[in-house]
Structure formats: C-alpha cells, structure tokens
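Here the structure comes first, spelled out in structure tokens, and everything after it is commentary.
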Amino acid sequence: MMNNEAKQIKKSFWAQLKEDWQNPISRKVRSKNAMMVAGKLIRTFILIGLCFVILAPIIQKLSIAFRDPSDISNPQVAWIPESFSIVNFQIAWELLEYGSSIWNTLILSTVVMLIQIIAS
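Position 52, counted from 1, in the sequence shown is what this note's numbering calls 52; the numbers after and before it change by one each time, with no gaps.
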C-alpha cells in the first residue's frame, strides 16, 4: 500500500515538473534567472582578473624588496625569496638619503602651510 502511494507521489512530482518545464511563464523565469547567474559569473571573473592585474605587480615588488641581495639576481627565485632580509631597505636609506629628503619635505610643507594660513 505504501509503495503505491510513493509511486503516485513520484509520478505526480514528475508530471508536475514536466508541466512546469513546458509552461511559457516558467520558461521565461528560468531564462531570466539563468541570465542573472551568467551575468554574475562574468562579473566575478572580470573582478578577479582586475584584482590580479592590480595586485600582481605590488606583490612582486614586495617580494623583491624583502629578498637577500644575493637572491636578487638568482633566476630560480621567482616569488618567494630563499631568505628574507631588510638589507635592501638599509641600502636604499643610505644611498637615497631619505633622512635629508624627509627633513626637506617637512620644511617645505610647513612653509607652504604657513603661507596658506597667512593668505587666508
């Protein structure tokens, strides 16, 4: 008895599904939903691609910045350095004279700020 009821429910489910599948209104709704899902997928792939294009150079520069000076010319080191080091920052600080550059920038911005305050 239970088996016949289960078959009847199953048949009615498949019959209902067939009717819904052939219904033009349901077909339009399915088509609209499919287009929305496709649009979301395309938008997601475009955003992921743009994020990669923007972030890849930044990550590469950070990878190069924290490399040991002996690893910079090593072609086997692509993204992750064999040994991390901040020696490159120390060399840049000394060679580019960041101390005097920061001091000159501070003086210049202070003078410009005072002139703007006086002028307004």
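Beta carbons are placed, not taken as given, at the ideal position from N, Cα and C, and that holds for glycine.
Subject >> Length at least 4, wholly inside the segment 40-111: the alpha helix (DSSP H) runs in chain order >> reply: 69-72, 87-95
Original post:
Is the beta carbon of Asn-33 sitting closer than 7 Å to the one on Ala-65?
Top reply: Taking the sequence shown and counting its residues from 1, the one referred to as residue 33 is at position 33. Taking the sequence shown and counting its residues from 1, the one referred to as residue 65 is at position 65. In this structure, Ala-65 does not lie closer than 7 Å to Asn-33 by Cβ.
**OP:** State the Cα-Cα distance for the pair Leu-17 and Phe-45, rounded to the nearest angstrom.
**Re:** In the sequence shown, the residue the question calls residue 17 occupies position 17. In the sequence shown, the residue the question calls residue 45 occupies position 45. Whole-angstrom Cα-Cα distance: 33 Å.
**OP:** Assuming Pro-81 contacts Asp-71 (C-beta within less than 8 Å), just tell me the rounded distance between them.
**Re:** Taking the sequence shown and counting its residues from 1, one reaches residue 81 at position 81. Taking the sequence shown and counting its residues from 1, one reaches residue 71 at position 71. Contact holds; Cβ gap of about 5 Å.
Original post:
Helix, strand or coil for Asn-23 per DSSP?
Top reply: As a first step, residue 23 is located in the sequence shown; it is residue number 23 there, counting from the start. If DSSP states are grouped into helix, strand and coil, Asn-23 belongs with coil.
Subject >> Simplified DSSP state of Ser-12, which is helix, strand or coil >> reply: Locating residue 12 in the sequence shown gives position 12, where the first residue counts as 1. Taken through DSSP and simplified to helix, strand or coil, Ser-12 comes out as helix.
**OP:** Return yes when the C-beta of Asn-23 is under 6 Å from any heavy atom of the ligand FAD, and no when it is not.
**Re:** Among the components modelled here there is no ligand, and therefore nothing to report on the ligand FAD.
Subject >> Where Ser-120 falls: helix, strand or coil (DSSP) >> reply: The count along the sequence shown starts at 1 and reaches residue 120 at position 120. DSSP places Ser-120 in coil when its eight states are reduced to three.
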